[in-house]
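The next block holds one structure in the form of structure tokens; read it before the comments.
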Amino acid sequence: MAGQIAGLILAGGRSSRMGGTDKTLLPLGGRPMVVRVLDRLQPQAAPIAINTNADAALFANFGADIVADTIAGHQGPLAGILAGLEWAAQKPGVSHLLSVAGDTPFFPADLAVQLASRGDHGAVAASNGRMHPTFALWPLSLRDGLAAFLESGDTRRVMTFIEQAGLYVVDFPTVPFGAGTVDPFFNINTPGDLAEAERILDGAN
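Take a look at the structure:
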């Protein structure tokens, strides 16, 4: 790896399936979900930023920089990744950005190591036959290409850009957690998912 890896948590925004609140701020095991994600990311990347278009004050006490989308229109995760790349480009020594989703608290503790093992070109995570495009290692050199892609207006799908960029795919196995195993990219979209995440945590304690 040519340089340092910065980290970006994609915190998204309000979730209609979670009562219209920002789900990453909901408690999981007595702590905000985004704090659990931050704790998992900190050993793997530095510095770290949180991408959100919500009130920055809601995230101000978590010890991370706050970056909002730099293009208008709430264009989804790619807009957040572009904002993260632009932020990381201002950090001395940083060559890559590791992005993670703020609603996925059990992602691999070796995510950065495994993605970086494919070299400087960049890589995206997969598990159980599914790609997880918000979990990727992005070279900062992709910044201009991503900006042009978003400005073109043809498509905003993360997978489309990943295919164009030619990122490698790195497969991750299920991991032991408590008495069983869990897909490390299990994400929380509904109250039922949140209850399941609580059960996973209870089994690990």
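According to the working numbering, the stretch in the sequence shown is residues 18 to 222, in order. Where is the CB? At the ideal position from N, CA and C, for every residue including glycine.
When DSSP labels each residue in this structure, what does residue i get in the three-state scheme?
| i | result |
| --- | --- |
| Leu217 | Contrary to the premise, residue 217 reads as Ile rather than Leu in this sequence. Helix at Ile217. |
| Leu27 | strand |
| Arg135 | coil |
| Ile22 | strand |
| Phe178 | helix |
| Ser33 | Because the pLDDT at Ser33 is just 49, under 50, the model does not fix this residue reliably, and the point stays unresolved. |
| Phe194 | strand |
| Thr69 | strand |
| Ala212 | helix |
| Leu43 | coil |
| Ile88 | coil |
Following the continuous alpha helix (DSSP H) through residue i, name the residue where it begins and the one where it ends.
| i | result |
| --- | --- |
| Pro94 | Pro94 to Ala105 |
| Gly162 | Arg160 to Ser169 |
For the beta strand (DSSP E) that residue i lies in, which residues bound it at each end?
| i | result |
| --- | --- |
| Arg147 | Arg147 to Pro156 |
| Asp56 | From DSSP, Asp56 is part of no beta strand (DSSP E) but of the alpha helix (DSSP H) over Met50 to Leu58. |
| Ala74 | No beta strand (DSSP E) holds Ala74; DSSP gives it neither H nor E. |
| Asp188 | Tyr185 to Asp188 |
| Val82 | Sequence check: residue 82 is Asp here, not Val. Its beta strand (DSSP E) spans residues Asp82 to Val84. |
Tell me, to the nearest whole angstrom, how far the beta carbon of residue i is from that of residue j; I am working on the premise that it is less than 8 Å.
| i | j | result |
| --- | --- | --- |
| Asp39 | Ala71 | 5 Å |
| Leu27 | Gly97 | 5 Å |
| Gly101 | Gln21 | That pair is no contact at about 14 Å. |
| Val199 | Phe123 | 6 Å |
| Thr243 | Ile88 | The requested residue 243 is not part of the displayed model; the chain covers only 18 to 222. |
| Pro64 | Ala23 | 6 Å |
| Leu211 | Leu43 | 7 Å |
| Ala106 | Leu157 | 5 Å |
| Ala133 | Leu167 | With 8 Å as the limit, Ala133 and Leu167 do not qualify as a contact, their Cβ atoms being about 25 Å apart. |
| Phe152 | Phe202 | 7 Å |
Report the partner residues of residue i according to the DSSP bridge assignment.
| i | result |
| --- | --- |
| Pro125 | Bridge partners of Pro125: none, in fact. |
| Val117 | Ile26 |
| Ser144 | Arg147 |
| Val111 | Gln21 |
| Val199 | Val192 |
Any Cβ of chain D within less than 8 Å of the Cβ of residue i?
| i | result |
| --- | --- |
| Leu159 | Although the question refers to chain D, the structure presented lacks it and comprises just one protein chain. |
Counting pairs of Cβ atoms below 8 Å between the region 116-135 and the region 43-62, do you hit three or more? yes
Flag this pair as touching only if the region 86-105 and the region 43-52 have three or more C-beta atom pairs under 8 Å; answer yes or no. no
If contact is defined by three or more beta carbon pairs under 8 Å, each pair taking one atom from either stretch, is the region 129-144 in contact with the region 184-191? yes
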